[in-house]
Amino acid sequence: MISDRFDFTHLPDLKVDDVIKQVETYQKDFDRELMRECYLFAENAHSKQKRSSGEPYIIHPLNVAYTLSRLKMDVDSIMAGFLHDVVEDCDVSAELLKEKFGTNVAQIVVGCTKISKIKFKSKQESQAENFRKMIVAMAKDIRVIIVKLADRMHNMRTLQYMAKEKQVQKAQETLDIYVPLASRLGIHSVKSELEDLCLRFIHPESYYRLAEKVAMKKTDRDEYIRSTVDSIIGYLNEYSIKAEISGRSKHFYSIYKKMQMRGVDFDQIQDLLAFRVIVGNITECYKTLGVIHSHFTPVPGRFKDYIAMPKANDYQSLHTTVIGPRAERIEIQIRTFEMHEIAETGVAAHWKYKERDKKKNDDKLKWVHDLLEMNQNLDNNSEFMNIITSDLDAGGIFVFTPNGDVLELRHGSTPLDFAYAVHTEVGHRAVGAKINGKMVGLRYRLKSGDSIEILTNKSQEPNKDWLKIVKSSRAKTKIRQYLLKVEREKQRKVGEQALEEALKSYGTSIKALTKKNEFHKVFDELHAKNLDELFIHLGSKRHHVNEVLKKIPSVDFQESEETKKKIDSLYQKLEKTAKKASNKENAVVVDGLDDIVVRMGKCCNPIPGDPIVGCITRGRGITVHTANCHHIIDSKELRNVDVEWNSNYSFKHPVNIYVITHDRPGILARVSKNINNIGVNIRSALAKSLPDQKGSFVFEVEVRDFSEYLKVVSVVEGMDEVISVRRA
Ligand code: MN
Numbered sequence: 002m003i004s005d006r007f008d009f010t011h012l013p014d015l016k017v018d019d020v021i022k023q024v025e026t027y028q029k030d031f032d033r034e035l036m037r038e039c040y041l042f043a044e045n046a047h048s049k050q051k052r053s054s055g056e057p058y059i060i061h062p063l064n065v066a067y068t069l070s071r072l073k074m075d076v077d078s079i080m081a082g083f084l085h086d087v088v089e090d091c092d093v094s095a096e097l098l099k100e101k102f103g104t105n106v107a108q109i110v111v112g113c114t115k116i117s118k119i120k121f122k123s124k125q126e127s128q129a130e131n132f133r134k135m136i137v138a139m140a141k142d143i144r145v146i147i148v149k150l151a152d153r154m155h156n157m158r159t160l161q162y163m164a165k166e167k168q169v170q171k172a173q174e175t176l177d178i179y180v181p182l183a184s185r186l187g188i189h190s191v192k193s194e195l196e197d198l199c200l201r202f203i204h205p206e207s208y209y210r211l212a213e214k215v216a217m218k219k220t221d222r223d224e225y226i227r228s229t230v231d232s233i234i235g236y237l238n239e240y241s242i243k244a245e246i247s248g249r250s251k252h253f254y255s256i257y258k259k260m261q262m263r264g265v266d267f268d269q270i271q272d273l274l275a276f277r278v279i280v281g282n283i284t285e286c287y288k289t290l291g292v293i294h295s296h297f298t299p300v301p302g303r304f305k306d307y308i309a310m311p312k313a314n315d316y317q318s319l320h321t322t323v324i325g326p327r328a329e330r331i332e333i334q335i336r337t338f339e340m341h342e343i344a345e346t347g348v349a350a351h352w353k354y355k356e357r358d359k360k361k362n363d364d365k366l367k368w369v370h371d372l373l374e375m376n377q378n379l380d381n382n383s384e385f386m387n388i389i390t391s392d393l394d395a396g397g398i399f400v401f402t403p404n405g406d407v408l409e410l411r412h413g414s415t416p417l418d419f420a421y422a423v424h425t426e427v428g429h430r431a432v433g434a435k436i437n438g439k440m441v442g443l444r445y446r447l448k449s450g451d452s453i454e455i456l457t458n459k460s461q462e463p464n465k466d467w468l469k470i471v472k473s474s475r476a477k478t479k480i481r482q483y484l485l486k487v488e489r490e491k492q493r494k495v496g497e498q499a500l501e502e503a504l505k506s507y508g509t510s511i512k513a514l515t516k517k518n519e520f521h522k523v524f525d526e527l528h529a530k531n532l533d534e535l536f537i538h539l540g541s542k543r544h545h546v547n548e549v550l551k552k553i554p555s556v557d558f559q560e561s562e563e564t565k566k567k568i569d570s571l572y573q574k575l576e577k578t579a580k581k582a583s584n585k586e587n588a589v590v591v592d593g594l595d596d597i598v599v600r601m602g603k604c605c606n607p608i609p610g611d612p613i614v615g616c617i618t619r620g621r622g623i624t625v626h627t628a629n630c631h632h633i634i635d636s637k638e639l640r641n642v643d644v645e646w647n648s649n650y651s652f653k654h655p656v657n658i659y660v661i662t663h664d665r666p667g668i669l670a671r672v673s674k675n676i677n678n679i680g681v682n683i684r685s686a687l688a689k690s691l692p693d694q695k696g697s698f699v700f701e702v703e704v705r706d707f708s709e710y711l712k713v714v715s716v717v718e719g720m721d722e723v724i725s726v727r728r729a
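To convert, count from 1 in the sequence shown and add 1; that's our numbering.
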């Protein structure tokens, strides 16, 4: 046996029977007719499509299914291999697949379809890891990733039919995303083939130079491999160890990487050959190592014991490098048959062992048992998936920014968490979001794969409720900081006004005393750095105003019950006003004007979160309009004032929502129920029939603010019968 690696080229004459024959080598009982039917279903679905090579499309799913059978995957995965493109390319429904081929097959195909919709837009290195985690998080079933890897492998094998630009892009994506996945899952055969294919398209000159040099020495090398294999077999026979030995030249990509790393030329790379010794059990592995080391000189520092300490992907073997018969380095791997199976097909091998487990081989190694127990139930491999995902640390969900970058967030995160992850200011001003183009409120729960755009509004402000909406500690901290700042500012104002008022009765002011440098002693003794800090101390009642007065040299302060009472009642008054200011009866705060009558424009009916403008109307106070209301735009000569939403105002605002639906019986009741279900009250509803079997409705609903309005819109928009929703 010279080489055990997979064929490099795609198989153009593959037939469904080749796949079935391959499955028969490891699986006794399975429904061959169902598999054939599955193949015919795919062939029929793809009948009008062609590959870039000009071949009928079905050759692609056939190759994918065949690769999966070479990986000894379970029958459901093979069928999913045939069907993996029919949902995406042929509009076949998942329900139909479920009905014909079972839930498992349908779910694997749906998983593959989801992953193919992920767009790898970003070229940043740091993003690759996130994309990999995202794939794992979205796959849920490990078989989805394995089918996806087989799919990618065949696409890479036929990449030459694509445009040059696309070739490099696809190869780079494969190297960044899929090669590490294959490696992490321990599917070595797929990993090394993908690597070599990537090299061929990303650095074609290096690839072909290597291929040529390796080919030049081929006959010579084959002869050398044969004689080395023979002598190792001879040595092992003396100890009656039966072994299967193979030799091969190393994969191009690993030679290439070695050349790059050491900065050397092909001729200087010595250990081009690798040998593999497969024996019956672990004891023989170590015996074999001893025999080899006694006949060939080991290279110091090159022995690795992955049997005692398996790699994270369960890979086990002994590795050593020795000086071979021709005085050049050769690498030797020693392992058992089971270790070999796991090394070549990685997690894929678990399915095979699962089948065999029923027979309970006594000599089966404990770690294989452990893996099997972990993966007892084919229908429920979630625990096994958990182990893989926790290795990849894909604990959260993965979502897209508008630029196509991937962000990792915790489970249960909301658009608000996303907004704070993007930028603090975006978080503070967030009023809602568009998820995959649809409007949602701030409480929406994000899912992996969501593409998110945050809607902001300058007048938006964080409030205490937000602490309950967000999941991430970053967002919580930012909201707390903001609330604290607002609270401090309130205290500062109260403190400043209290002091100013108190100083009035002594015929002086803060300004006058500052000029004369009279606050020095106060700052020192009350540990305040400056006036603002002093005001905050006073406003938060850490210190009493009297304590300040006492320490000002030019103020002749007489402490008495009377002065204390006077100051205390002043405090009370100031605090009341401050509270009132932040808790106004009005929905909006008018710049510089108190106690003014404010009404909402009937024309545009603004709700909190909308950008607004105040319009002064003679004898009627101020009318508030949305900034884009025709009333504001049309009449420029009107006197406008700046107004802001009062964030403490919690009354409900009426807003009209105009809904167009397909005219179905009971539609009004269903829309109403959905709106009520999210806790929004409907004041009135108007219904009208339109031509073309359509219905139109105007709902007057009561919302707290813009984000609640968005919630109503998203819930109504989400209904199948609904055609459009807008604000009336
Ligand atoms: Mn495909």
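Note that CB positions come from ideal geometry on N, CA and C, so glycine has one too.
CB contact check: residue i to chain C, cutoff 8 Å
{"i": "GLN461", "result": "Checking the listed chains, one finds no chain C in this structure; it contains a single protein chain."}
Residue(s) in a DSSP beta bridge with residue i
{"i": "VAL487", "result": "For VAL487, which the question treats as bridged, DSSP gives no partner whatsoever."}
{"i": "ILE57", "result": "In the sequence as presented, Ile is not what sits at residue 57; that position holds Pro. In the DSSP output, where bridge partners are listed per residue, PRO57 has LYS51."}
{"i": "ALA212", "result": "Note: ALA212 sits in no beta bridge, so no partner."}
{"i": "GLY602", "result": "None, per the DSSP bridge assignment."}
{"i": "SER250", "result": "LEU274"}
{"i": "CYS1", "result": "Given that the chain is displayed from residue 2 to residue 729, the structure contains no residue 1 and the question cannot be resolved."}
{"i": "GLU245", "result": "ILE279"}
{"i": "SER452", "result": "PHE401"}
{"i": "VAL323", "result": "PRO299 and ILE331"}
Chain-order list of residues whose beta-carbon lies under 7 Å from that of residue i (same chain, five-residue window excluded)
{"i": "THR457", "result": "VAL427, ARG430, ALA431 and VAL432"}
{"i": "PHE83", "result": "CYS39, TYR40, ALA43, PRO62 and ALA66"}
Where residue i sits in the DSSP three-state scheme
{"i": "ARG475", "result": "helix"}
{"i": "ILE333", "result": "strand"}
{"i": "ALA164", "result": "coil"}
{"i": "SER190", "result": "helix"}
{"i": "MET74", "result": "coil"}
{"i": "ASP152", "result": "helix"}
{"i": "VAL441", "result": "strand"}
{"i": "THR390", "result": "Because the pLDDT at THR390 is just 48, under 50, the model does not fix this residue reliably, and the point stays unresolved."}
{"i": "LEU447", "result": "coil"}
{"i": "PHE700", "result": "strand"}
{"i": "THR298", "result": "strand"}
{"i": "ALA431", "result": "strand"}
{"i": "PRO607", "result": "coil"}
{"i": "ASP706", "result": "coil"}
{"i": "THR10", "result": "coil"}
{"i": "THR415", "result": "coil"}
{"i": "ASP86", "result": "coil"}
{"i": "LYS695", "result": "strand"}
{"i": "ILE436", "result": "strand"}
{"i": "LYS567", "result": "helix"}
{"i": "LYS305", "result": "strand"}
{"i": "PHE536", "result": "helix"}
Limits of the beta strand (DSSP E) - the one that residue i falls within
{"i": "PHE276", "result": "274–280"}
{"i": "SER725", "result": "723–728"}
{"i": "TYR689", "result": "Inspection of the sequence shows that residue 689 is occupied by Lys rather than by Tyr. Its beta strand (DSSP E) spans residues 682–691."}
{"i": "THR509", "result": "Looking at the DSSP string, THR509 is not in any beta strand (DSSP E), and its letter there is neither H nor E."}
{"i": "LEU408", "result": "407–410"}
Cβ shell of residue i (< 6 Å), same chain only, five flanking positions each side left out
{"i": "HIS320", "result": "LYS305 and GLN334"}
{"i": "LEU669", "result": "ALA688"}
{"i": "SER725", "result": "ILE661"}
Endpoints, alpha helix (DSSP H) assigned at residue i
{"i": "TYR659", "result": "No alpha helix (DSSP H) holds TYR659; the beta strand (DSSP E) holding it covers 654–663."}
{"i": "VAL17", "result": "17–25"}
{"i": "ILE553", "result": "No alpha helix (DSSP H) holds ILE553; DSSP gives it neither H nor E."}
{"i": "THR104", "result": "104–117"}
{"i": "GLU462", "result": "Neither: GLU462 is in no alpha helix (DSSP H) and is coded neither H nor E."}
{"i": "LYS141", "result": "No alpha helix (DSSP H) holds LYS141; DSSP gives it neither H nor E."}
{"i": "LEU35", "result": "33–46"}
Residues near residue i by beta carbon distance below 8 Å, same chain, minus five either side
{"i": "ARG327", "result": "TYR225"}
Inter-stretch contact (C-beta, 8 Å, three-pair minimum) for the stretch 445–452 and the stretch 408–422: In the pairwise beta carbon analysis, the stretch 445–452 is classified as touching the stretch 408–422: at least three pairs are separated by under 8 Å.
Tell me whether the stretch 461–481 and the stretch 145–160 touch, counting them as touching only if at least three CB pairs, one residue from each stretch, are closer than 8 Å. Counting Cβ pairs under 8 Å, fewer than three are found: no touch.
Below 8 Å, how does it come out for the stretch 230–239 and the stretch 285–293: are there three or more Cβ pairs, yes or no? Note that the stretch 230–239 touches the stretch 285–293; at least 3 beta-carbon pairs, one per stretch, sit closer than 8 Å.
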